[in-house]
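Taken in sequence, the protein lines are chains A and B.
When we follow UniProt numbering, the leftmost residue of the first sequence carries the number 1, and every step to the right adds one.
When we follow UniProt numbering, the leftmost residue of the second sequence carries the number 1, and every step to the right adds one.
From the three backbone atoms N, C-alpha and C, an ideal C-beta is built for every residue, glycine too.
2 protein chains.
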Amino acid sequence: MNDDLPLADGAQARPYLSLRAPQPHYLRIRDQLVTDLARDLLPADSQLPAERELAERFACTRVTLRQALQLLESDGLIYRQNRRGWYVSPPRIRYDPTRISGFMEYVTAQGRTPRTECLQAQRGPAGAWLAKRMGLDHPEQQVFHLQRRRWVDQRPVLLEYNVLVAEWCPELLGQDLSTSLTQLLRERFGHVQSRSALLMHPETLDEKQAAQLQASPGSNGFYLERLSFGEQGQPVEFDREFWRPDALAVVLETQGAPL
Amino acid sequence: MNDDLPLADGAQARPYLSLRAPQPHYLRIRDQLVTDLARDLLPADSQLPAERELAERFACTRVTLRQALQLLESDGLIYRQNRRGWYVSPPRIRYDPTRISGFMEYVTAQGRTPRTECLQAQRGPAGAWLAKRMGLDHPEQQVFHLQRRRWVDQRPVLLEYNVLVAEWCPELLGQDLSTSLTQLLRERFGHVQSRSALLMHPETLDEKQAAQLQASPGSNGFYLERLSFGEQGQPVEFDREFWRPDALAVVLETQGAPL
DNA sequence: AAGTGGTCTAGACCACTTG
DNA sequence: AAGTGGTCTAGACCACTTC
Chain A
1 MNDDLPLADG AQARPYLSLR APQPHYLRIR DQLVTDLARD LLPADSQLPA
51 ERELAERFAC TRVTLRQALQ LLESDGLIYR QNRRGWYVSP PRIRYDPTRI
101 SGFMEYVTAQ GRTPRTECLQ AQRGPAGAWL AKRMGLDHPE QQVFHLQRRR
151 WVDQRPVLLE YNVLVAEWCP ELLGQDLSTS LTQLLRERFG HVQSRSALLM
201 HPETLDEKQA AQLQASPGSN GFYLERLSFG EQGQPVEFDR EFWRPDALAV
251 VLETQGAPL
Chain B
1 MNDDLPLADG AQARPYLSLR APQPHYLRIR DQLVTDLARD LLPADSQLPA
51 ERELAERFAC TRVTLRQALQ LLESDGLIYR QNRRGWYVSP PRIRYDPTRI
101 SGFMEYVTAQ GRTPRTECLQ AQRGPAGAWL AKRMGLDHPE QQVFHLQRRR
151 WVDQRPVLLE YNVLVAEWCP ELLGQDLSTS LTQLLRERFG HVQSRSALLM
201 HPETLDEKQA AQLQASPGSN GFYLERLSFG EQGQPVEFDR EFWRPDALAV
251 VLETQGAPL
């Protein structure tokens, strides 16, 4: 037989099949990328080389390379900016949703730079869905709808939708909503939520949300919602937060709740 | 020009380009699948048709189809069993990690059938890493290492690693560890944790974990860890939980923590 | 204008599950 | 034994960002 025949059959040309470990190629590429990232000590938010360059380096197609990159993305080691490329993830922001402390405060406390951008603020009726969800008396009850985007170190990490009962915090729209809402409620209205119910789970961002977070359509996200009650136990605020999943670690301390 | 020329160029042959909506094809397939799933009222845990069949139905390749399926997977609507196929996700288990209530109890309370399988149970020194992580006095301190797999309705949803200070619950290995550890500690040892610190975030399952949960390598997971303290404030237990991300919704109630 | 990531095709082989 | 999902190749075009 002619040894010089080109490897027409892909099977023998696949490098990973000749190696001892029976791992898929994209897992080996991921591991290599992890060690490369660690060795080069790439700073947070720095950009990775182009996909075509990486694919050439690992002798694979872009499809396979992207499979490896998506693993690192799910693990929170790198993130994507839509159509811009891949970047090294900074450490997760540690967020305790049970604490009466606003985004601006706990991000600053971790040595990072927070920014809040108010995308929308309006007053209107709650509507049937929200009234039921919040446990309001009637759907015509007036509420404020806020939509805000929050940044950490030049990167959008969170979309936040707040619904606040209007009579609980009148004149809210005259305030500066690009600051801490927690602080505003405390200092302007003297309010401290006495109780809240939280729910959170992973899910995908919808297309609009992904665009607003400069993420790719269909990106993973982390969803957190909070229903807060006022001093008399009445529902006063309903929040929904959509996070970049690599940007966040939820932490909390429990005081031994007796049965 | 000859109108009968075959469409050699893929551009004009791609169906999604001729549609009004500028959405990528895989997003349209996802939407179609969502409505199909809703219309057919497929029961939880039932299997979807084969990928090749779905790809033919949507006139796309398997690559594109799988992109759509992976979106539904991230959203928690369907899940995968490695090499077996795609299945409809049942409702998420609601889990309050601040409550003193075990897996067996809260799964049952939600009308589902829990099962706990003890994969490993041994006694040994904590080791340097764990001792530091738990705040133990010295790394030689004896602890129990448990590794358990938990099921809901015939499906493995959770891997749990428990580390318990041995002197806090002696003779633990003589007990039935395929039941509720919470209950065991309470009834056998009279223990109720007085305080705990939690941390959670999305990440990927490693290969062994994925295999144990019958998931595909590199699947998304949800990580939750808990460091619990005993009656005198001493560290007594360190848990790490790796969940199938579609199986879980974390819920909790906060009593207005004053500053 | 050049280059990038996003999307897609049309195949292929293999390991594994199912019957 | 047949069929499935898991993995991979070698291209391609487009929309968008960057320069």
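Check                                                                                                                                                                         : Outcome
Check each candidate in B:D45, B:R28, B:L37, B:L33 and name the one with the smallest Cα separation from R155 of chain B.                                                     : B:D45
Helix, strand or coil, according to DSSP, for L184 of chain A in the structure here?                                                                                          : helix
Mind listing, in chain order, the continuous beta strand (DSSP E) runs of no fewer than 3 residues lying wholly within the UniProt domain "HTH gntR-type" (23–91) of chain A? : 78–81, 85–88
Tell whether a beta-carbon distance below 7 Å holds between S51 of chain A and L65 of chain A.                                                                                : Checking the sequence, you will find Glu at residue 51 of chain A rather than Ser. Yes, the Cβ-Cβ distance between E51 of chain A and L65 of chain A is below 7 Å.
Is it true that the region 207–216 of chain B meets the region 181–197 of chain B, where meeting means three or more beta-carbon pairs spaced less than 8 Å apart?            : no
Anything in chain A within Cβ reach of F58 of chain B, meaning under 8 Å, just list it in chain order.                                                                        : Near F58 of chain B there are no residues of chain A at all, since even the closest Cβ is about 16 Å away, more than 8 Å.
From the DSSP output, read off the bridge partner residues of Q120 of chain A.                                                                                                : A:Q147
Specify the secondary structure class of R20 of chain B as computed by DSSP and reduced to three states.                                                                      : Below a pLDDT of 50, predicted positions are generally treated as unreliable, and R20 of chain B, at 39, falls in that range; the measurement from the model is reported next regardless. If DSSP states are grouped into helix, strand and coil, R20 of chain B belongs with coil.
Taking only three categories from DSSP, how would you classify V152 of chain A?                                                                                               : strand
Taking a cut of 8 Å between CB atoms, which residues from the region 126–157 of chain B lie near chain A?                                                                     : none
Taking the alpha-carbon of E171 of chain A as reference, which of A:E160, A:S178, A:R188, A:T182 has the nearest alpha-carbon?                                                : A:R188
To the nearest angstrom, report how far apart V34 of chain A and Y26 of chain A are at their CA atoms.                                                                        : 12 Å
So what's A225 of chain B in DSSP terms, helix, strand or just coil?                                                                                                          : For the sequence presented, residue 225 of chain B should be read as Glu rather than Ala. In the structure shown, E225 of chain B sits in a strand (DSSP, three-state: E or B).
With a cut-off of 8 Å, do at least 3 Cβ pairs link the region 107–116 of chain A to the region 126–136 of chain A?                                                            : no
Excluding sequence positions up to five away, which residues of its chain have a Cβ less than 6 Å from the Cβ of Q47 of chain A?                                              : G85, Y87
Within this structure, are the beta carbons of Q142 of chain B and A166 of chain B separated by less than 7 Å?                                                                : yes
Hey, is the region 172–179 of chain B in contact with the region 234–254 of chain B, meaning 3+ C-beta pairs nearer than 8 Å?                                                 : no
Which residue's Cα is closest to the Cα of T204 of chain B: A:L42, A:Q209, A:D40, A:N220?                                                                                     : A:N220
Could you give the DSSP three-state label for V107 of chain A: helix, strand or coil?                                                                                         : helix
Look at the alpha carbon of F238 of chain A and the alpha carbon of T179 of chain A, and state the distance between them as a whole number of angstroms.                      : 18 Å
Taking all protein chains shown into account, decide if A137 of chain B is buried (16 or more other Cβ within 10 angstroms of its Cβ) or exposed.                             : Note that residue 137 of chain B is Asp in the sequence shown, not Ala. D137 of chain B should be labelled exposed.
Kindly indicate which residue of A:P202, A:Q209, A:G230, A:E231 has the alpha-carbon position closest to the one of L224 of chain B.                                          : A:P202
Can you tell me where the beta strand (DSSP E) holding residue 276 of chain A begins and where it ends?                                                                       : What is shown of chain A runs 1 to 259, which leaves residue 276 of chain A out entirely.
So R149 of chain B and Q212 of chain B are in contact, right, with Cβ under 8 Å, and what is the actual spacing, rounded?                                                     : 6 Å
Just list the residues that DSSP pairs Q142 of chain A with in beta bridges.                                                                                                  : A:P125
So is M104 of chain A in contact with chain B if we call contact Cβ pairs under 7 Å?                                                                                          : no
With distance defined between alpha-carbon atoms, name the residue in A:Q193, A:L184, A:R240 nearest to V105 of chain A.                                                      : Before going on, a small fix: residue 105 of chain A reads as Glu here, not Val. It is A:L184.
Using the C-alpha atoms, what's the distance from R83 of chain B back to H191 of chain B?                                                                                     : 43 Å
Using a 10 Å radius around the Cβ and a threshold of 16 neighbouring Cβ atoms, would you call G111 of chain A buried or exposed?                                              : exposed
Please look up how many angstroms separate the CB atoms of P43 of chain B and M134 of chain B, rounded, as I've assumed it's under 8 Å.                                       : Wrong, their Cβ atoms sit about 43 Å apart, outside the cutoff.
With distances taken Cα to Cα, identify the nearest neighbour of W168 of chain B among B:Y161, B:L177, B:Q193.                                                                : B:Q193
Where does A211 of chain A sit, in a helix, a strand or coil, going by DSSP?                                                                                                  : helix
Are any of the Cβ atoms in chain B nearer than 7 Å to that of R195 of chain A?                                                                                                : yes
Ends of the beta strand (DSSP E) at I93 of chain B?                                                                                                                           : 93–95
For W151 of chain A, which option in A:I93, A:R99, A:D36 has the closest C-alpha, if you only look at C-alpha atoms?                                                          : A:I93
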